[in-house]
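**Student:**
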Amino acid sequence: MIDPATLPARICDILQRHPPHAPALVDNGRTWTYGELRDEAERRAAWLRGLGVRAGDRVMLVSENCAAQVALLFAVARLDAWSVNVNARLSEGELAAIRAHCTPRRVIHATPAGLTAGPLDAHAVPESDGAGIAALVYTTGTTGNPKGVMLSHASLLFVAATSSRLRGLVPNDRAAGVLPISHVYGLTSVLLGTLYAGACLHLAPRFDAAVLLAQIRAGELTIVQGVPAMYARLLALAGTEPVASRLRFCYAGGSPLDPGLKRAVEAMFGLPLHNGYGLTESAPTVCQTRLDAPRADTSVGHSIPGVEVRIEGNGELWVRGPNVMAGYYRDPVQTAAVLRPGGWLATGDIAEMGEDGALFIRGRLKELIIRSGFNVYPPEVEAALNSHPAVLQSAVVGRPVADGNEEVVAFVEAREAVDAAGLQAWLVTRLAPYKRPARIVFMETLPASPSGKVLKHKL
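Here it is, written out as structure tokens:
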């Protein structure tokens with residue numbers, strides 16, 4: 001277990017842990033050493049100070065993955081301000097809503113071409129009672145109502161250090177940096193976890209299956225972390241032939257992993273595909289399968305050392321530990337709804353515990369479908385659909401019908417020609433009648449967040 005007392009005080013302090021000449025980032029063909037990244041963060045901190053940024057201010061950073069973005073994140077931390085890192089792919093309306101909610105002192109746009117600072121907001125008030133907060137991370141909005149999650153330096157560093165240790169990261173490792181750093185998975189486990197270990201992160205502004213597959217085949221990477229949809233696209237591109245690589249570890253998280261995809265990825269790389277579970281409110285990691293104990297099933301493993309879990313009577317998973325958020329920004333009602341007495345976080349996810357104590361995530365409480373009195377868990381239906389060779393990915397939702405009942409509706413993104421009748425026939429031997437979709441809708445591409453999570457509220 002990581003002792004929180006042994007961790008650095010701020011996320012920017014991890015740059016001091018490693019030799020200045022060691023490689024930290026690769027961005028657009030350039031390698032940044034730890035010394036160069038530290039110096040750039042110090043320069044940007046002075047620049048932000050000159051722009052009027054003070055401790056407790058929010059600094060909204062609009063960017064895709066790049067070295068300038070990383071330096072700014074550490075620069076904001078050096079000033080004891082809060083980073084509000086949002087993906088540049090969000091719509092103008094989404095960006096405007098976040099800006100109105102967090103009231104940043106400055107909005108900075110970071111691109112490989114340089115930085116652009118928006119006007120000073122002289123009316124923005126620093127948070128004097130927000131000491132220790134490093135980042136305000138807005139949820140991906142799968143429910144349609146994104147919230148600002150307050151994460152402390154301590155919570156981010158605890159997860160970064162624990163994730164680094166559980167993955168066995170060493171300075172010689174080269175990790176894929178394709179997950180958005182604006183998402184908590186990309187920020188904590190990928191960016192901070194990699195740099196905490198003194199390893200090197202290969203940044204990419206966005207996921208491109210062809211580029212990532214080429215990097216893997218060229219032996220440029222030893223670590224890959226992603227969401228299941230990312231692995232599905234790698235499989236579609238690579239075909240059935242095994243992929244030779246230097247990979248020693250690959251990991252899936254962020255959304256449910258179905259058994260067929262897990263087996264196919266393991267055959268492609270000749271490695272176990274590890275699985276895990278977390279949420280923005282827990283910075284994010286709660287559970288992870290162990291490096292020395294890969295699993296054949298799709299359990300998310302045991303809770304990480306230092307984090308406690310329990311399952312309530314309604315099946316909801318509760319979590320307690322140093323990774324839990326400080327609360328939702330400017331939303332005491334929602335905060336009180338999920339932060340329970342005793343330091344517990346009510347996750348809103350339904351879980352079951354296996355005989356060995358490992359957890360299985362069955363779905364979201366809000367996404368549970370009640371059909372004719374029976375519970376239908378969307379991930380189970382999605383796994384059955386995804387097992388069809390023509391299906392790339394699917395998303396299942398409930399639709400209200402007469403008498404307070406619900407019906408199951410499936411949205412499918414296919415990799416090759418298939419029709420609804422063919423899929424229904426496939427499901428006959430795999431799902432009970434009440435679990436089978438009443439309707440199957442084919443889509444060219446399922447709506448997804450920048451992290452690859454399917455946005456079910458848009459369906």
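Numbering (full-length UniProt numbering), first residue to last: 1 to 459.
Glycine included, each C-beta is placed from N, C-alpha and C at the ideal position.
I'd like the list of long-range same chain contacts for Gly-270, defined as Cβ closer than 7 Å, with 5 residues on each side in sequence excluded.
**Tutor:** Pro-242
**Student:** From what residue to what residue does the beta strand (DSSP E) around Ile-311 run?
**Tutor:** Judged by DSSP secondary structure, Ile-311 falls within the beta strand (DSSP E) whose first and last residues are 308 to 311.
**Student:** In terms of residues, what are the limits of the alpha helix (DSSP H) holding His-183?
**Tutor:** Here His-183 belongs to no alpha helix (DSSP H), and DSSP marks it neither H nor E.
**Student:** Pop quiz: Thr-162 and Thr-335 are said to be a contact at Cβ under 8 Å. What is the actual Cβ separation, rounded to whole angstroms?
**Tutor:** About 24 Å separates the two Cβ atoms, so there is no contact after all.
**Student:** Restricting to Cα atoms, I'd like to know which of Arg-330, Pro-4, Val-319 is closest to Gly-343.
**Tutor:** Val-319
**Student:** Looking at the secondary structure, which residues open and close the beta strand (DSSP E) in which Val-265 lies?
**Tutor:** Per DSSP, Val-265 lies in no beta strand (DSSP E) segment; the continuous alpha helix (DSSP H) that holds it begins and ends at 259 to 269.
**Student:** Report, in whole angstroms, the separation of the C-beta atoms of Ala-448 and Val-454, which I expect to be a contact under 8 Å.
**Tutor:** 5 Å
**Student:** Going by DSSP, what residue range makes up the alpha helix (DSSP H) through Asn-386?
**Tutor:** 378 to 386
**Student:** Opposite Gln-334 in the DSSP bridges: which residues?
**Tutor:** In the DSSP output, where bridge partners are listed per residue, Gln-334 has none listed.
**Student:** For Ile-370, does the three-state DSSP call read helix, strand or coil?
**Tutor:** Assigned with DSSP and collapsed to three states, Ile-370 falls in strand.
**Student:** Using DSSP's beta-bridge definition, name the partner residues of residue 487.
**Tutor:** The question about residue 487 has no answer, for the chain in this structure spans 1 to 459.
**Student:** Quick check on the DSSP output: the beta strand (DSSP E) that includes Pro-223 runs from which residue to which?
**Tutor:** For clarity, residue 223 is Ile in the given sequence; the question names Pro instead. Segment 223 to 226, the beta strand (DSSP E) holding Ile-223.
**Student:** Which one or two residues does DSSP pair with Ile-323 in a beta bridge?
**Tutor:** The question names Ile, but residue 323 is Asn in the sequence shown. Asn-323 is not bridged to any residue.
**Student:** Count the other CB atoms, across all protein chains shown, that sit within 10 Å of the CB of Asn-386; report buried if there are 16 or more and exposed otherwise.
**Tutor:** When all chains shown are included, Asn-386 counts as buried.
**Student:** Reducing DSSP to helix, strand and coil, say where Pro-437 ends up.
**Tutor:** Judged by DSSP in its simplified three-state form, Pro-437 adopts coil rather than helix or strand.
**Student:** Using the rule of at least 16 other Cβ atoms within 10 Å of the residue's Cβ for burial, across every protein chain shown, is Ser-155 buried or exposed?
**Tutor:** buried
**Student:** Three or more beta-carbon pairs under 8 Å between the stretch 170 to 185 and the stretch 81 to 88, yes or no?
**Tutor:** yes
**Student:** Only counting the same chain, and skipping five residues up and downstream in sequence, which positions put a Cβ closer than 6 Å to that of Ala-46?
**Tutor:** none
**Student:** For Phe-74 versus Arg-167, is the C-beta spacing smaller than 8 Å?
**Tutor:** no
**Student:** Which whole-angstrom value describes the C-beta separation of Asp-39 and Ala-67, a residue pair presumed to lie in contact below a C-beta threshold of 8 Å?
**Tutor:** The Cβ separation is near 12 Å, so there is no contact.
**Student:** Going by C-alpha distance, which of Cys-102, Leu-115, Pro-119, Ala-410 is nearest Glu-127?
**Tutor:** Cys-102
**Student:** Please name the residue or residues paired with Ile-108 in a DSSP beta bridge.
**Tutor:** Leu-61, Ala-117
**Student:** Measuring straight from C-alpha to C-alpha, what distance separates Val-307 and His-153?
**Tutor:** 17 Å
**Student:** On a Cα-Cα basis, can you pick out the residue from Pro-104, Thr-188, Ala-432, Leu-115 that is closest to His-123?
**Tutor:** Pro-104
**Student:** With a threshold of 7 Å, establish whether the CB of Glu-312 neighbours any heavy atom of the ligand MN.
**Tutor:** Annotation note on the ligand MN: not contained in the displayed structure, which lists no ligands.
**Student:** Near Arg-439, which residues of its chain fall below 6 Å by C-beta distance, leaving aside the five closest residues on each side in sequence?
**Tutor:** Val-409
**Student:** Could you tell me the boundaries of the beta strand (DSSP E) in which Ala-176 lies?
**Tutor:** 174 to 177
**Student:** Cβ atoms of Ala-417 and Leu-392: under 8 Å apart, would you say?
**Tutor:** no
**Student:** Just confirm the distance between the C-beta atoms of Glu-281 and Val-309, as a whole number of angstroms; I'd bet it's less than 8 Å.
**Tutor:** With 8 Å as the limit, Glu-281 and Val-309 do not qualify as a contact, their Cβ atoms being about 14 Å apart.
**Student:** Taking only the alpha-carbon atoms, compute the straight-line gap between Ser-189 and Gly-177 and give it to the nearest angstrom.
**Tutor:** 11 Å
**Student:** What's the gap between the Cα of Thr-445 and the Cα of Gly-276?
**Tutor:** Going by the C-alpha atoms only, they are around 25 Å apart.
**Student:** For Pro-23, name the three-state secondary structure that DSSP assigns.
**Tutor:** Strand at Pro-23.
**Student:** Since I believe Ile-350 is in contact with Leu-368 (beta carbons under 8 Å), could you give me their beta-carbon distance rounded to a whole number of angstroms?
**Tutor:** 7 Å
**Student:** Let me know the secondary structure DSSP gives Asp-349 once reduced to three states.
**Tutor:** Strand, per DSSP.
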